[in-house]
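These notes are about the structure you will find just below.
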Amino acid sequence: GPGTSSRLLPNPGDRGPPAGKPPKAARLLCHADPRGCAPLPPSPQGMQTPRLLPSLILTLVPSYVPWNYHEPLPGVYDFSGDRDLGHFLDLTAEMGLLVILRPGPYICAEWEMVRAGQRLLSQLLSLLPDYLQAVDSWLEVLLPRIKPRLYQNGGNIISIQVENEYGSYSGCDYDYLRHLRAAFRTRLGPDVLLFTTDGNSAAELRCGTLQGLYATVDFGPGPNVTAAFAPQRLYEPKGPLVNSEYYTGWLDYWGEPHASSSPAQVAQGLQDMLQLGANVNMYMFQGGTNFGYWSGADYKGCYKPVTTSYDYDAPLSEAGDPTEKLFAIRTVIGKFQPLPEGPMPPATPKYAYGHVPLRKQGEVLELLDVLCPGGPIRSRFPLTFEAVKQAHGFVLYRTRLPRDVWDPAPLSAPPNSVCDRAYVLLNGEYQGRLEHNGQTTLNLTGQAGARLDLLVENMGRINFGVNASDFKGLLQNLSLDSALLSDWLIYPLDVDSAVTRGWPLPTPQAEGSRAGLGPALYTGAFQTPGIAWDTFVKFPGWSKGQLWINGFNVGRYWPVRGPQQTLFVPGSLLSASAPNNITLLELEGAPPRPFVLFLDRPLFNQTVTSHPPSPAPQPGSPPPPPPTGL
Numbered sequence: 001g002p003g004t005s006s007r008l009l010p011n012p013g014d015r016g017p018p019a020g021k022p023p024k025a026a027r028l029l030c031h032a033d034p035r036g037c038a039p040l041p042p043s044p045q046g047m048q049t050p051r052l053l054p055s056l057i058l059t060l061v062p063s064y065v066p067w068n069y070h071e072p073l074p075g076v077y078d079f080s081g082d083r084d085l086g087h088f089l090d091l092t093a094e095m096g097l098l099v100i101l102r103p104g105p106y107i108c109a110e111w112e113m114v115r116a117g118q119r120l121l122s123q124l125l126s127l128l129p130d131y132l133q134a135v136d137s138w139l140e141v142l143l144p145r146i147k148p149r150l151y152q153n154g155g156n157i158i159s160i161q162v163e164n165e166y167g168s169y170s171g172c173d174y175d176y177l178r179h180l181r182a183a184f185r186t187r188l189g190p191d192v193l194l195f196t197t198d199g200n201s202a203a204e205l206r207c208g209t210l211q212g213l214y215a216t217v218d219f220g221p222g223p224n225v226t227a228a229f230a231p232q233r234l235y236e237p238k239g240p241l242v243n244s245e246y247y248t249g250w251l252d253y254w255g256e257p258h259a260s261s262s263p264a265q266v267a268q269g270l271q272d273m274l275q276l277g278a279n280v281n282m283y284m285f286q287g288g289t290n291f292g293y294w295s296g297a298d299y300k301g302c303y304k305p306v307t308t309s310y311d312y313d314a315p316l317s318e319a320g321d322p323t324e325k326l327f328a329i330r331t332v333i334g335k336f337q338p339l340p341e342g343p344m345p346p347a348t349p350k351y352a353y354g355h356v357p358l359r360k361q362g363e364v365l366e367l368l369d370v371l372c373p374g375g376p377i378r379s380r381f382p383l384t385f386e387a388v389k390q391a392h393g394f395v396l397y398r399t400r401l402p403r404d405v406w407d408p409a410p411l412s413a414p415p416n417s418v419c420d421r422a423y424v425l426l427n428g429e430y431q432g433r434l435e436h437n438g439q440t441t442l443n444l445t446g447q448a449g450a451r452l453d454l455l456v457e458n459m460g461r462i463n464f465g466v467n468a469s470d471f472k473g474l475l476q477n478l479s480l481d482s483a484l485l486s487d488w489l490i491y492p493l494d495v496d497s498a499v500t501r502g503w504p505l506p507t508p509q510a511e512g513s514r515a516g517l518g519p520a521l522y523t524g525a526f527q528t529p530g531i532a533w534d535t536f537v538k539f540p541g542w543s544k545g546q547l548w549i550n551g552f553n554v555g556r557y558w559p560v561r562g563p564q565q566t567l568f569v570p571g572s573l574l575s576a577s578a579p580n581n582i583t584l585l586e587l588e589g590a591p592p593r594p595f596v597l598f599l600d601r602p603l604f605n606q607t608v609t610s611h612p613p614s615p616a617p618q619p620g621s622p623p624p625p626p627p628t629g630l
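If you count the sequence shown from 1, position 394 lands on 394 in the UniProt record's numbering, and the numbers rise without skipping.
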């Protein structure tokens with residue numbers, strides 16, 4: 001139960017019951033969104049997981065602590081507002097939930113990589129001095145906040161993970177792990193349970209764990225869980241079996257099919273592990289959202305950015321709604337221990353607010369004074385995002401054609417040097433794009449002195465594997481017909497602050513005016529019929545860009561690449577009484593009559609609890625009745 005941790009803590013003498021016999025009490029863990037202290041105001045769907053846990057006899061929530069979310073700049077720490085880790089832990093304690101904390105310093109989680117810095121990125125996960133000093137400074141701030149909340153000190157944190165899947169990294173540096181072990185022990189005391197998590201292979205465990213750190217593994221559904229746990233048994237012959245990340249689904253990459261997994265297979269894998277008496281941590285139990293710029297990327301032969309949605313095909317959807325998989329898992333749990341009587345909590349209400357027209361506010365090039373009030377940085381050759389202290393978002397690079405180009409000449413970038421997409425304009429006219437994985441050459445014509453602009457977008461730093469030192473921007477020199485381009489003006493853009501401040505232009509262009517190609521900002525507003533329910537926004541005719549609602553950065557949209565066609569908008573972002581303001585930064589090309597469409601369901605994932613289509617709100621119409629059971 002919530003007040004007992006003995007069945008969740010590794011005991012050297014506890015090997016679990018014999019195979020084939022159910023344990024006296026199933027050891028079940030649920031995994032909160034790694035965005036547990038996520039950039040999102042308090043909302044009903046954020047409380048959906050805790051409301052459902054008692055109905056499943058799940059009493060423990062593991063959660064990551066994203067370093068770069070709490071230390072956005074060196075020595076600048078933020079635990080306020082949406083980043084209030086203490087408040088998150090207080091809520092779990094009030095609900096009787098135990099916590100496994102996973103503070104890294106590296107966390108993976110498909111989260112935009114560790115705090116960016118020109119020197120820091122080149123020294124990740126190592127004993128090199130800049131990185132180690134940054135890690136120690138971070139832990140010196142974080143761990144004293146955690147110590148009073150440890151189970152041994154009367155709190156609800158029962159264990160702490162050190163690093164994350166370090167065995168998948170090429171370093172294999174035991175001195176680095178020893179340094180971290182000492183850092184955690186010194187600041188948290190001798191009694192706290194420290195553990196590691198790695199893939200379930202002997203090679204990964206060999207490099208990923210250390211004596212004094214309890215070794216656990218992670219894996220998804222498979223035909224033989226005894227074999228899946230065998231590598232852990234090599235390193236922990238007497239302790240409990242622990243799957244720290246039992247994969248209930250998988251993540252999505254832009255441009256690839258939506259990932260899904262069979263509810264029956266997930267349920268069967270869970271049952272097989274419980275029959276062995278294993279501890280099971282479901283990853284993910286509820287899906288989440290990579291709001292803003294927080295989605296990361298993988299490298300699997302090429303750069304693979306992660307979608308804004310982190311729905312994960314999880315038992316609870318991105319919006320916190322029950323799925324078929326949840327009920328299959330509940331059935332399995334019922335075989336091992338009694339379930340509470342009564343129905344499961346229902347899905348949160350959704351609403352289709354309908355068609356919202358937008359107007360072109362201005363092109364990015366017209367708004368540089370607003371987007372970069374500090375002005376440009378001058379450099380002979382391009383500088384990276386990290387060199388100009390731009391962690392996320394966009395940087396504009398500007399130079400001039402050095403000579404007349406009457407016949408088409410190639411503007412070229414070396415392979416993998418455009419990180420991640422560059423939108424090219426010549427004298428303000430959109431020419432096309434250069435990409436990390438794709439096109440690296442674009443033919444241009446123009447007169448000497450013509451203004452050449454490249455708006456470069458960071459699509460998310462690689463967060464897993466051997467290519468984690470992922471710098472952004474123009475990493476090498478560009479050439480025009482083999483001649484290097486030089487003398488650049490570099491504009492780090494702060495679009496978020498500009499959206500929050502509002503636009504100085506007196507009036508946007510008329511509604512219905514031709515939108516055109518190239519990077520531009522669009523604005524609009526809508527009012528709800530007296531409600532603020534969750535919704536999903538679709539982008540008919542749009543190409544790629546970023547969405548803000550009421551100043552909140554909802555995330556990236558990319559319908560032409562997919563698979564994600566809608567963005568989840570929590571009702572907590574909306575006002576039931578005042579106009580709700582929309583800003584779009586479209587990067588390639590808007591439709592002739594720009595608008596967005598609010599729906600009551602996502603396009604690529606479904607929930608068991610269906611929502612009948614709701615009409616678009618009409619001016620002056622009364623709000624619909626509240627949903628039953630909420």
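C-beta: ideal position from N, C-alpha, C; glycine also. If you're wondering where the values come from, they're calculated on a predicted model, not measured in any experiment.
Within its chain, find whatever has a CB closer than 8 Å to the CB of residue 525; leave out the 5 residues flanking it on each side and keep chain order.
-> Here residue 525 refers to the residue found at position 525 of the sequence shown. Once the five neighbours on either side are set aside, the close Cβ partners of residue 525 are 356, 579, 580, 581 and 582.
Which whole-angstrom value describes the C-beta separation of residue 282 and residue 235, a residue pair presumed to lie in contact below a C-beta threshold of 8 Å?
-> Position 282 of the sequence shown, counted from the first residue, corresponds to residue 282. Position 235 of the sequence shown, counted from the first residue, corresponds to residue 235. Actually they do not touch by this definition, with Cβ atoms about 23 Å apart.
Unbroken beta strand (DSSP E) runs of length 3 or more, entirely within the stretch 414-499: which are they?
-> For the stretch 414-499, whole beta strand (DSSP E) runs of length 3 or above, ordered along the chain, are 421-426, 429-435, 441-446, 451-457 and 488-493.
Verify whether the separation of the beta carbon atoms of residue 58 and residue 327 is less than 9 Å.
-> Within the sequence shown, numbered from 1, the residue matching residue 58 stands at position 58. Within the sequence shown, numbered from 1, the residue matching residue 327 stands at position 327. Cβ atoms of residue 58 and residue 327: not closer than 9 Å.
If you check the beta carbons only, do residue 519 and residue 389 fall under 9 Å apart?
-> As a first step, residue 519 is located in the sequence shown; it is residue number 519 there, counting from the start. As a first step, residue 389 is located in the sequence shown; it is residue number 389 there, counting from the start. In this structure, residue 519 lies away from residue 389, with their beta-carbon atoms at least 9 Å apart.
When we look at the beta-carbon of residue 399 and count the other beta-carbons within 10 Å, is it buried (16 or more) or exposed?
-> Within the sequence shown, residue 399 is the residue found at index 399, counting from 1. Using a 10 angstroms sphere on the CB of residue 399, the tally of other CB atoms reaches 16 or more, which defines it as buried.
C-beta atoms of residue 161 and residue 205 nearer than 9 Å = As a working mapping, residue 161 is identified with position 161 in the sequence shown. As a working mapping, residue 205 is identified with position 205 in the sequence shown. Contact flag unset, no.
Alpha carbon of residue 569 to alpha carbon of residue 243, nearest angstrom = Mapped onto the sequence shown, residue 569 falls at position 569. Mapped onto the sequence shown, residue 243 falls at position 243. Their backbone Cα atoms lie some 32 Å apart in a straight line.
Own chain, CB closer than 6 Å to residue 172, minus 5 neighbours either side, in chain order = Taking the first residue of the sequence shown as position 1, residue 172 is located at position 172. Contacts found: 207.
9 Å Cβ cutoff met for residue 258 and residue 564 = Stepping through the sequence shown from its first residue, residue 258 is reached at position 258. Stepping through the sequence shown from its first residue, residue 564 is reached at position 564. In this structure, residue 564 lies closer than 9 Å to residue 258 by Cβ.
Please name the residue, chosen from 444, 448, 136 and 436, that lies closest to residue 458 on a Cα-to-Cα basis.
-> The residue given as residue 458 occupies position 458 in the sequence shown. Closest in C-alpha terms to residue 458, from the list 444, 448, 136 and 436, comes 436.
Same chain, Cβ closer than 6 Å to residue 500, five either side skipped, listed in chain order | Working through the sequence shown from its first residue, we reach residue 500 at position 500. Counting only Cβ-Cβ distances below 6 Å, and skipping sequence neighbours, we find 551.
Under three-state DSSP, which class holds residue 611?
-> Sequence index remark: in the sequence shown, residue 611 carries index 611 (1-based). Unreliable positioning characterises residue 611 in this predicted model, as indicated by a pLDDT of 35, which lies under 50. A coordinate reading is not provided.
Quick one: is residue 241 buried, meaning 16 or more other Cβ sit within 10 Å of its Cβ, or exposed?
-> As a working note, residue 241 is residue 241 in the sequence shown. Counting C-beta atoms within 10 angstroms of its own C-beta, residue 241 has 16 or more neighbours from the protein chains shown and is therefore classed as buried.
C-alpha gap between residue 96 and residue 181, whole angstroms | Residue numbering aside, residue 96 sits at position 96 when the sequence shown is read from its first letter. Residue numbering aside, residue 181 sits at position 181 when the sequence shown is read from its first letter. Rounded to whole angstroms, residue 96 to residue 181 spans 29 Å at the Cα level.
Residue(s) in a DSSP beta bridge with residue 288 = Numbered from 1 along the sequence shown, position 288 holds the residue referred to as residue 288. In DSSP, residue 288 forms a bridge with 310.
Contiguous alpha helix (DSSP H) assignments of at least 4 residues, all confined to the stretch 212-240 | Listed in chain order, the complete alpha helix (DSSP H) runs (minimum 4 residues) inside the stretch 212-240 are 225-235.
Can you give me the Cβ contacts of residue 379 inside the same chain, cut-off strictly under 7 Å, excluding the 5 residues immediately before and after it?
-> For the purposes of this step, residue 379 is taken as residue 379 along the sequence shown, with counting starting at 1. Only 488 and 490 meet the Cβ criterion.
Do you know whose CA, among 144, 203 and 229, lies nearest residue 187's CA?
-> Counted from its first residue, the sequence shown places residue 187 at position 187. Cα-wise, what sits closest to residue 187 is 144.
What's the call for residue 310, buried or exposed, on a 16-neighbour Cβ count within 10 Å?
-> Here the question's residue 310 lines up with position 310 in the sequence shown. Buried is the label assigned to residue 310, since at least 16 other Cβ atoms lie within 10 Å of its Cβ.
From the DSSP output, in three-state form, read off residue 553 for me.
-> Residue numbering aside, residue 553 sits at position 553 when the sequence shown is read from its first letter. Residue 553 carries a strand assignment under DSSP once its states are collapsed to helix, strand and coil.
Taking 8 Å as the threshold, find out whether the stretch 343-357 comes into contact with the stretch 438-450 through three or more Cβ pairs.
-> Verdict: no, contact absent.
Should residue 98 be labelled buried (16 or more other beta-carbon atoms within 10 Å of its own) or exposed?
-> Reading the sequence shown from its first residue, position 98 is the one you call residue 98. By the 10 Å Cβ count, residue 98 comes out buried.
Check the DSSP bridge columns for residue 638 and list the partner residues they point to.
-> A query on residue 638 cannot be resolved here, the shown segment of the chain reaching from 1 to 630 and no further.
Measure the C-alpha to C-alpha separation of residue 528 and residue 289 and round it to an integer number of angstroms.
-> As a first step, residue 528 must be located in the sequence shown, where it is residue number 528. As a first step, residue 289 must be located in the sequence shown, where it is residue number 289. Rounded to whole angstroms, residue 528 to residue 289 spans 23 Å at the Cα level.
Residue 137 and residue 193: beta carbons closer than 9 Å?
-> Counted from its first residue, the sequence shown places residue 137 at position 137. Counted from its first residue, the sequence shown places residue 193 at position 193. Result no, Cβ atoms of residue 137 and residue 193 do not sit closer than 9 Å.
Assign residue 174 to buried or exposed, taking buried as 16 or more other Cβ atoms, counted over all protein chains shown, within 10 Å of its Cβ.
-> By one-based count along the sequence shown, residue 174 stands at place 174. Burial call: exposed.
How big is the Cα-Cα spacing for residue 41 and residue 394?
-> On the sequence shown, residue 41 is found 41 positions in, with the first residue counted as 1. On the sequence shown, residue 394 is found 394 positions in, with the first residue counted as 1. Note that residue 41 scores a pLDDT of 41, beneath 50, so its modelled location is shaky; the value from the coordinates is reported in the next line. Rounded to whole angstroms, residue 41 to residue 394 spans 25 Å at the Cα level.
From this set, 416, 307, 141 and 471, which residue's C-alpha is nearest residue 545's C-alpha?
-> Here the question's residue 545 lines up with position 545 in the sequence shown. Closest in alpha carbon position to residue 545, among 416, 307, 141 and 471, is 307.
For residue 278, which residues from the same chain have a beta carbon less than 8 Å from its beta carbon, with the 5 sequence-adjacent residues on both sides left out?
-> Reading the sequence shown from its first residue, position 278 is the one you call residue 278. 16, 27, 225, 229, 240, 241, 242 and 243, listed in sequence order.
So residue 425 and residue 480 are in contact, right, with Cβ under 8 Å, and what is the actual spacing, rounded?
-> Translated into positions along the sequence shown, residue 425 becomes position 425. Translated into positions along the sequence shown, residue 480 becomes position 480. 15 Å between Cβ atoms; not a contact.
Could you name the residues of the same chain whose beta carbon sits closer than 8 Å to that of residue 591, not counting the 5 residues immediately before and after it, in chain order?
-> The count along the sequence shown starts at 1 and reaches residue 591 at position 591. Excluding residues within five positions, the ones whose Cβ falls inside 8 Å are 515, 540, 541 and 542.
Go through its chain and collect everything with a Cβ distance to residue 219's Cβ below 6 Å, but skip five positions before and after it.
-> Here the question's residue 219 lines up with position 219 in the sequence shown. Taking C-beta separations shorter than 6 Å and ignoring five residues to either side along the sequence, the partners of residue 219 in its chain run 200 and 228, following chain order.
When the Cα atoms are used, what is the spatial distance from residue 34 to residue 108?
-> Taking the first residue of the sequence shown as position 1, residue 34 is located at position 34. Taking the first residue of the sequence shown as position 1, residue 108 is located at position 108. Summary for residue 34: the model assigns pLDDT 42, below 50, so the residue's position carries little reliability; its value from the coordinates is reported in the next sentence. Rounded to whole angstroms, residue 34 to residue 108 spans 9 Å at the Cα level.
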